[in-house]
Amino acid sequence: MAVTPQGTTPVPPEGAHGAPVTAPPVIAVVGPTGSGKSDLAVSLALELDGEVINADSMQFYRGMDIGTAKINDAERRGVPHHLLDTMDVTGEASVSDFQRQSRALIADIHSRGKRAILVGGSGLYVRAALDVLEFPGTDPAIRRRLEAELAATGPDPLRTRLERVDPVSAGRLGDARRIIRALEVFELTGRPFSSFMPGREYFQPAVQIGLSVDRALLHERLARRVHHMVDQGLLEEVRTLDAAGLRLGKTAPRALGYAQFLKVIDGESDVDAAAEATIIATRQFARRQLTWFRADPRITWLDRQDPGLVAKAAALCAPAPKDRTRPSIPL
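Here the numbering used here is used: position 30 in the sequence shown is 41, and no number is missing along the way.
Rendered as structure tokens:
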């Protein structure tokens, strides 16, 4: 403990990256969409006296409730939830903003003697909160120029350019928006975007719990969930958000379900076809999520169907001994 002037409150020592070394481990519940992450997070919060921080980038948006399977008040069971409904659908989610906000929330929750429980399937957002990661700035002029190139020529020339300057990112990034971001970072910094994703080193102690679900069962759950969303009024939700400027956003209109049901509004599809397209896209997304999270050896995987799931997860979340250090594991 650092020496403090007589009569003042001692300040907890800080770790190498500014996080208090006395803080309990941050808990993260991760895994594919539809695996039951939100329910486990609530159960852990009730068991461990915790609060939940959302790490699903599409659940930041107000009004995007049905299509994102956003946890409702009854399902929260009195547990405080943070970073839900923080922006309009015309806004653009920023991982660097999330890093700042989530770390401030973690510190606040810990300062009140409670456990911070991060939950979500947006892999980069989870890493932003937990790991030592640096996020470069943005340049609207560069972004606009690259977006104009995309509109004029399509994604292939941009991908070819990225392959020349950052082959690692080119091999990882699938959609045009992320390719544009990687090129923007290279133009701004002269460094490959992939260089900003170093080895896996926690910003402060953390425990990551992954939910494992049998593939066939997960596919069935996702299909049922999409049909339930339709029954709940997904099309009406999309209509309401469309009137509120959904298409003006860069991120929100691309969300699963919303992109497909905007085509219904435009007369390019019907409800049944949009639902089927959403199911297919959601299954593909779940597969990509699993690929991302399975690459992190620090995650402990638990069976979603295990009757003892909550007890086993809670046992993993006990504070680490003070002399334990968590090694950095390279990518």
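Ideal Cβ placement from N, Cα and C applies to all residues, glycine included.
query, result
"Buried versus exposed, by CB contacts within 10 Å (16 or more), L259", "exposed"
"Alpha carbon of A52 to alpha carbon of T311, nearest angstrom", "15 Å"
"Cβ-Cβ distance between A325 and V40 below 9 Å", "no"
"Status (buried if at least 16 other CB within 10 Å, exposed otherwise) for R305", "exposed"
"Environment of S133 [buried if 16+ CB atoms lie within 10 Å]", "buried"
"Proximal residues to F272 (C-beta, below 7 Å), its chain only, five neighbours per side dropped", "L245, L246, V249, A285"
"D277 in three-state terms, based on DSSP", "coil"
"Spatial neighbours of H92 in its chain, beta-carbon cut-off 6 Å, leaving aside the 5 residues before and after", "V63"
"8 Å contact criterion, which A139 and Q112 should meet: CB distance rounded", "About 10 Å separates the two Cβ atoms, so there is no contact after all."
"Supposed contact pair R126 and D60 - C-beta distance, whole angstroms, cut 8 Å", "6 Å"
"Through-space distance from I191 to E158, alpha-carbon basis", "7 Å"
"Contact check, P330 vs P36, beta carbons under 9 Å", "yes"
"A193 (DSSP reduced to helix, strand or coil)", "helix"
"Own chain partners of A181 with C-beta closer than 7 Å, once the 5 adjacent residues on each side are dropped", "R170, L173, E174"
"Spatial distance of A56 from G42 (CA atoms)", "18 Å"
"Of the listed residues I38, D67, S54, E58, nearest to T11 (C-alpha basis)", "No answer is possible for residue 11: it lies beyond the span of the chain, which begins at 12 and ends at 342."
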